[in-house]
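Residue numbers (the working numbering): 1164 to 1474.
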Amino acid sequence: MEDKVRDNYDRPIISLRISITNRCNVDCIYCHHDGMLESSDEMTPDEICQVCRIAKSLGVEKIRLSGGEPLVRRDIVEIVEKVNTLGFKDLSITTNGIYLEKYAQALKDAGLDRVNVSLDTLDPQIYKMITGADLLEKAKNGILKASEVGIYPVKINMVVMNDINTEELWDMFEFCKGNDLILQLIEIIDSDSCEDKDFNSKYHFELSEFEEKLASLADSIKVREFMQNRRKYFIDGGEIEVVHPVENSDFCSNCSRLRVTPEGKLKPCLLRNDNLVDLIQFIRDGCSEEQIKERFLQAIAKREPYYKDEE
Ligand code: SAM
């Protein structure tokens, strides 16, 4: 960890999550839509690659491509291919899986290490209610295809919502266990951009009690230190992880991730939009590598855990 750039709270910057588009092919009820960007304004594969190269020179080891829906980009394979030439320890994508059946093999061949697929339910009607689309089977086929071509691990992101999918937690675990997938349960994050302003209070489901049950059943438990101290539970040959992002001091105190928005701005903190740092404009203006590095350092200097004033 010695060669890593650290922020003012001594947190090393290990991973970069790049939102490569804000276009999406579904409309999830909980999603924080980050505005709309014309595809012509999106970062090109070369620009994404340049951002990754500079991040690597600062010690970043892992790249995650996200969105919007990253697989709506027709150049997604080229992006993965180009980023892969930089030799990161880990290159992954977060996707809704709908186009994964089509792209899994090409992405694997291009150098993709891992994939996270969002799947909140196994019930077609609930899937339609959450996403607005009738595409559950497509998403499931995408997941199975990713496993079949040897992308490992395939992780399922399930946002847990009170009265919507809480009855399905064990079914989802069985589905994952049976298909050699890791299940990741995510507590919902409040979103200003949700049309339904009471969404969070209606649907937020506290996972601590469920986690106690997991702990009592687990054959073993692992804590992921640089992933916000998340716990992984190994139960009966299956694996399940729980993410509590809401006002969780572990989430913040061990955060090692910097983000890039679809507009090409560095985003120092997940839950804030008031401290973004322009990046892509500097690249497009032809600034030197040192000047672009400086933008990264400015963003890193703006990282603040939410509890900093409470200490
Ligand atoms: N389209 C891709 C997908 O569906 O995975 C990538 C983008 S999506 C915004 C990335 C992840 O954020 C998904 O796993 C999604 O479930 C999660 N997410 C989105 N809004 C959320 C919220 N309000 N609370 C918790 N997780 C959320």
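Where a beta carbon is used, it is the ideal one built from N, C-alpha and C, also for glycine.
Task: Among Thr1329, Asn1325, Asp1272 and Ile1261, the one whose alpha carbon lies nearest that of Glu1300 - done: For the purposes of this step, residue 1300 is taken as residue 137 along the sequence shown, with counting starting at 1. Out of Thr1329, Asn1325, Asp1272 and Ile1261, Ile1261 has the C-alpha closest to the C-alpha of Glu1300.
TODO: Determine the DSSP secondary structure at Ser1281, reduced to helix, strand or coil.
DONE: Taking the sequence shown and counting its residues from 1, one reaches residue 1281 at position 118. Correct three-state label for Ser1281: strand.
TODO: Classify Glu1452 as buried or exposed, calling it buried when 16 or more other Cβ atoms lie within 10 Å of its own Cβ.
DONE: Taking the first residue of the sequence shown as 1, we reach residue 1452 at position 289. Burial call: exposed.
Task: Minimum C-alpha distance to Arg1387 - residue among Lys1376, Ser1416 and Leu1234 - done: Mapped onto the sequence shown, residue 1387 falls at position 224. The candidate whose alpha carbon is nearest that of Arg1387 is Ser1416.
TODO: Quick one: residues in its chain with C-beta nearer than 6 Å to the C-beta of Ser1182, no 5 flanking neighbours on either side, listed in chain order?
DONE: Translated into the one-based positions of the sequence shown, residue 1182 becomes position 19. For Ser1182, where only same-chain residues beyond five positions count, the Cβ hits under 6 Å are Ser1229, Gly1230, Thr1424 and Pro1425.
Open item on the list: By alpha-carbon positions, which one of Val1405, Val1243, Ile1446 and Glu1375 ends up nearest to Lys1318?
Closed with: Taking the sequence shown and counting its residues from 1, one reaches residue 1318 at position 155. The candidate whose alpha carbon is nearest that of Lys1318 is Val1405.
- [ ] For Asn1320, verify whether its CB is less than 7 Å away from any heavy atom of the ligand SAM.
- [x] By 1-based counting over the sequence shown, the position of residue 1320 is 157. Yes; taking the cut-off as 7 Å, the Cβ of Asn1320 has a heavy atom of the ligand SAM nearer than that.
Open item on the list: Let me check you understand the geometry: is the CB of Gly1231 closer than 7 Å to at least one non-hydrogen atom of the ligand SAM?
Closed with: Within the sequence shown, the letter at position 68 stands for residue 1231. Gly1231 Cβ: within cutoff of the ligand SAM.
Open item on the list: Quick test of your reading: Ile1345 and Pro1316, contact by CB under 8 Å. State the CB separation rounded to the nearest angstrom.
Closed with: As a working mapping, residue 1345 is identified with position 182 in the sequence shown. As a working mapping, residue 1316 is identified with position 153 in the sequence shown. Going by Cβ atoms, the distance from Ile1345 to Pro1316 rounds to 5 Å, so yes, they are a contact pair.
Open item on the list: With distance defined between alpha-carbon atoms, name the residue in Arg1422, Phe1445 and Gln1444 nearest to Asn1438.
Closed with: Translated into positions along the sequence shown, residue 1438 becomes position 275. For the residues Arg1422, Phe1445 and Gln1444, the minimum Cα distance to Asn1438 belongs to Arg1422.
TODO: Excluding the 5 residues preceding and the 5 following Glu1474 in the sequence, name in chain order all residues of the same chain whose CB lies nearer than 8 Å to its CB.
DONE: Locating residue 1474 in the sequence shown gives position 311, counting from the first residue. Unreliable placement is indicated for Glu1474, whose pLDDT of 45 sits below 50; no coordinate value is reported for it.
Task: Top-ranked residue by Cα proximity to Asp1283, from Asp1334, Val1240, Asp1276 and Leu1275 - done: By 1-based counting over the sequence shown, the position of residue 1283 is 120. If we check each option's Cα against that of Asp1283, Asp1334 comes out closest.
Task: Helix, strand or coil at Arg1466 [DSSP, three-state] - done: Within the sequence shown, the letter at position 303 stands for residue 1466. Coil at Arg1466, not helix or strand.
Task: Gln1454, buried or exposed, once every other Cβ within 10 Å from all chains shown has been counted against 16 - done: Working through the sequence shown from its first residue, we reach residue 1454 at position 291. With fewer than 16 other Cβ atoms within 10 Å, it is exposed.
- [ ] Under 7 Å Cβ to Cβ from Val1240, same chain only, skipping five residues before and after it: list those, please.
- [x] To locate residue 1240, count along the sequence shown from 1; it is residue 77. Answer for Val1240: Tyr1266, Ala1269, Leu1270 and Ala1273, listed in chain order.
Task: Simplified DSSP assignment, three categories, for Tyr1172 - done: Translated into the one-based positions of the sequence shown, residue 1172 becomes position 9. In this structure, Tyr1172 counts as coil in the three-state DSSP scheme.
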